[in-house]
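Undergrad: Can you keep this structure in mind? I'll have questions shortly.
Residue numbers (my numbering): 9 to 182.
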């Protein structure tokens with residue numbers, strides 16, 4: 009495995025003033041800890057694709073999208089594990105899944121410029137309704153692959169797309 013990834017954002021980012029920290033994220037065991045400086049994500053979505061369902065062990069994934077430059081790793085760079093599900097390899101090949109190699113907590117999906125963080129790992133998310141409101145999803149993507157049927161997700165006020173947001177057909181609530 010190449011370790012060049014440590015030389016690039018978000019892993020090489022410099023620490024900013026602690027007063028600018030908006031969110032503290034960590035894995036379950038606490039080996040990996042990072043902070044996010046941006047208050048609002050670029051976007052936030054529920055993804056229902058088969059890959060997210062299987063890799064998250066859940067019916068869908070909730071991801072908040074932040075620029076990779078808005079993160080700082082406080083600890084655990086050597087505790088990270090990467091997986092590229094497109095090529096089925098455990099290596100830092102973008103885009104990839106990022107998790108803790110000790111407790112296996114999924115931490116994020118890393119893209120070329122963006123970090124898709126899972127808000128459930130934010131300390132502030134668990135403590136504040138106003139924070140949950142800031143991170144609220146704008147839509148469902150890959151809704152055509154959803155496994156939850158019935159009225160659970162219908163009429164939640166969010167747009168639903170067959171595939172990627174604004175690049176695929178919108179599915180209307182019945």
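Heads up, the beta-carbon is just placed ideally off N, CA and C, and yes, glycines get one too. All values derive from a computational prediction rather than experimental measurement.
1. Once you ignore the five residues that flank residue 64 on each side, which residues in its own chain have a CB closer than 7 Å to its CB?
2. Under 8 Å, with one C-beta from each stretch per pair, do the stretch 163-181 and the stretch 64-77 reach the 3-pair mark?
3. Helix, strand or coil: how does DSSP classify residue 82 here?
4. Under 6 Å Cβ to Cβ from residue 119, same chain only, skipping five residues before and after it: list those, please.
5. Give the DSSP bridge partners of residue 126, in chain order.
6. Please classify residue 111 as buried or exposed, where buried requires at least 16 neighbouring CB atoms within 10 angstroms.
7. Using a Cβ distance threshold of 8 Å, determine whether the stretch 32-40 contacts the stretch 91-109, with at least three qualifying pairs required.
8. On the premise that residue 148 lies in contact with residue 166, defined as a C-beta separation below 8 Å, what is that separation, rounded to the nearest angstrom?
9. Could you pull the DSSP bridge partners for residue 92 from this structure?
10. Counting along the chain, where does the alpha helix (DSSP H) carrying residue 135 start and finish?
11. Which class does residue 161 belong to by DSSP, given the choice of helix, strand or coil?
12. Enumerate in chain order the residues of its own chain whose CB-to-CB distance from residue 29 is below 6 Å, with the five nearest sequence positions on each side excluded.
13. What three-state label does DSSP hand residue 58 in the structure shown?
14. Just checking my contact of residue 154 with residue 56 at CB under 8 Å: how many whole Å lie between their CB atoms?
15. Using C-beta distances below 6 Å, list every residue in its chain close to residue 2, excluding the 5 sequence neighbours before and after it, in chain order.
16. Based on the DSSP output, what are the partners of residue 107 in its beta bridges?
TA: This is what the structure gives:
1. Here residue 64 refers to the residue found at position 56 of the chain shown. Here the set comprises 114.
2. no
3. Counting from one through the chain shown, the residue named residue 82 turns up at place 74. Correct three-state label for residue 82: strand.
4. Position 111 of the chain shown, counted from the first residue, corresponds to residue 119. Taken in chain order, the residues that qualify are 103.
5. Your numbering for residue 126 matches position 118 in the chain shown. BP columns for residue 126 are empty, so no partner.
6. Numbered from its first residue, the chain shown carries residue 111 at position 103. By the 16-neighbour rule on beta-carbons within 10 angstroms, residue 111 is exposed.
7. Yes, they touch.
8. Translated into the one-based positions of the chain shown, residue 166 becomes position 158. Translated into the one-based positions of the chain shown, residue 148 becomes position 140. Between the beta-carbon of residue 166 and that of residue 148 there is about 6 Å, and that keeps the pair under the 8 Å contact cut.
9. In the chain shown, residue 92 corresponds to position 84, counting from 1. 97, per the DSSP bridge assignment.
10. Within the chain shown, the letter at position 127 stands for residue 135. Residue 135 -> alpha helix (DSSP H) spans 131-135.
11. By 1-based counting over the chain shown, the position of residue 161 is 153. Residue 161: coil per DSSP, three-state reduction.
12. Within the chain shown, residue 29 is the residue found at index 21, counting from 1. Around residue 29: 43.
13. Against the chain shown, residue 58 aligns to sequence position 50. Helix at residue 58.
14. One-based indexing of the chain shown puts residue 154 at position 146. One-based indexing of the chain shown puts residue 56 at position 48. So it is a contact: roughly 4 Å between Cβ atoms.
15. The chain is shown only over 9 to 182; residue 2 falls outside these bounds and no answer can be derived.
16. As a position in the chain shown, residue 107 is number 99, starting the count at 1. Answer by DSSP bridge pairing, in chain order: 89 and 114.
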